[in-house]
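A.B. asks:
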Ligand code: BV8
Ligand code: ZN
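Numbering (the working numbering), first residue to last: 77 to 314.
(1) List the endpoints of the continuous beta strand (DSSP E) containing residue 196.
(2) Would the C-beta of residue 196 count as close to ligand 1, meaning under 7 Å from any of its heavy atoms?
(3) Does the contact criterion of 3 or more C-beta pairs under 8 Å hold for the segment 256-271 versus the segment 216-224?
(4) Just curious, the beta strand (DSSP E) that residue 302 is in, first and last residue?
(5) Taking the alpha carbon of residue 309 as the point to measure from, which residue in 256, 158, 283 and 186 has its own alpha carbon closest?
(6) Would you grab the beta carbon distance between residue 109 and residue 95 for me? Rounded to a whole angstrom, and I think it's under 8 Å.
(7) Helix, strand or coil: which one does DSSP assign to residue 175?
(8) By Cβ distance, which residues of its chain are closer than 7 Å to residue 237, with the 5 residues on each side in sequence left out?
(9) In whole angstroms, what separates the C-alpha of residue 136 from that of residue 191?
(10) On the three-state DSSP scale, how would you describe residue 210?
(11) Would you check if the segment 271-286 and the segment 252-260 touch, i.e. whether three or more CB-CB distances between them fall below 8 Å?
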């Protein structure tokens with residue numbers, strides 16, 4: 077297929093490739109995306125649950141949503157898309173993976189140079205003290221979980237709407253976008269900022285932008301090459 081051959085050619089000659097991934101890269105692992113038809117949770121929109129206000133209003137409800145997602149993710153295995161990106165890291169010493177996902181599947185697949193723009197669903201932080209832990213238990217002992225140090229309510233260590241991205245992580249991803257010669261945009265609707273703008277910044281600085289997505293997205297217009305298809309399926313052929 078033309079797109080796959082072209083991507084192969086671009087990857088071969090790339091010295092500074094980066095990839096920006098979204099929920100679509102985990103879809104073939106059985107994890108529902110946010111805005112897809114599979115819809116994630118009852119009749120709530122993620123934007124109504126993934127906010128500090130929602131958590132302040134009803135920490136138990138928000139934690140039920142995260143606990144539900146942790147259960148799905150705990151069953152999920154990395155797919156060919158995750159594996160491809162982990163192998164690419166071995167081939168290309170200057171490759172970096174920038175993900176919006178919080179499921180940790182890139183690391184499970186072996187990726188090490190990963191920047192998690194929106195945090196990680198397996199990490200919890202205290203709302204009242206600096207305690208910050210990884211807790212893989214499914215289900216968690218209590219909802220909402222309490223801090224072992226001060227007894228306050230713990231929250232998922234993820235970035236909610238209206239919250240700043242981890243400073244160092246975003247600054248580094250911005251710099252990587254500026255120095256990229258190839259910028260892959262895989263499985264994201266491009267609906268969320270400032271993550272989506274990394275692709276624009278890469279393009280502005282001369283990178284070739286390649287999108288892999290079964291549908292058009294807000295970043296299709298930025299892409300030099302748009303490969304229509306499922307990322308696991310497509311990348312298994314590259
Ligand atoms: C901030 C973590 C400022 C939690 C998430 C108006 C206009 C523009 C922007 C804004 C606005 N109003 C507010 C904003 C800013 C806001 C924003 O972008 N809102 C959007 C919704 C309009 N952004 C923020 O609030 C950010 N913070 O701006 O802070 C600031 C600065 C300083 C100080 C204080 C504040 C924080 C954003 C982070 C929010 N957290 N998640 C959690 O996961 O629970 S976002 C959430 O959406 C996930 O992280 C997800 O990754 C992300 C993006 O979604 P996608 O990954 O793209 O997933 P989606 O379902 O949308 O799309 C899936 C795609 O996959 C589809 O295209 C589909 O076709 C494709 N697909 C399906 N199957 C496959 C596939 N692709 C390949 N293969 C397949 N098999
Ligand atoms: Zn505490």
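Glycine residues also receive a C-beta, built at the ideal position from the N, C-alpha and C atoms. Since the structure is predicted, the reported quantities are computational estimates derived from the model, not experimental observations.
C.D. replies: Based on what the coordinates show:
(1) Position 120 of the chain shown, counting from 1, holds the residue named residue 196. It spans 195-202 - the beta strand (DSSP E) in which residue 196 sits, taken as one unbroken run.
(2) Taking the first residue of the chain shown as 1, we reach residue 196 at position 120. False, no ligand heavy atom lies under 7 Å from that Cβ.
(3) The count of Cβ pairs closer than 8 Å, one atom from the segment 256-271 and one from the segment 216-224, stays below three, leaving the stretches out of contact.
(4) The sequence position of residue 302 within the chain shown is 226, counting from 1. Under the DSSP assignment, residue 302 falls in the beta strand (DSSP E) whose first and last residues are 301-303.
(5) The residue given as residue 309 occupies position 233 in the chain shown. Minimum Cα distance to residue 309 is reached at 158.
(6) For the purposes of this step, residue 109 is taken as residue 33 along the chain shown, with counting starting at 1. For the purposes of this step, residue 95 is taken as residue 19 along the chain shown, with counting starting at 1. Their Cβ separation, rounded to whole angstroms, is 17 Å, which puts residue 109 and residue 95 out of contact at 8 Å.
(7) Residue numbering aside, residue 175 sits at position 99 when the chain shown is read from its first letter. Look at residue 175 here: in three-state DSSP terms it is strand.
(8) Locating residue 237 in the chain shown gives position 161, where the first residue counts as 1. Same-chain partners within the cutoff: 123, 126 and 127.
(9) Taking the first residue of the chain shown as 1, we reach residue 136 at position 60. Taking the first residue of the chain shown as 1, we reach residue 191 at position 115. Distance between the alpha carbons of residue 136 and residue 191: 29 Å.
(10) If you number the chain shown from 1, residue 210 lands on position 134. In this structure, DSSP gives residue 210 an extended state, which the three-state scheme calls strand.
(11) At 8 Å Cβ cutoff, the stretches touch.
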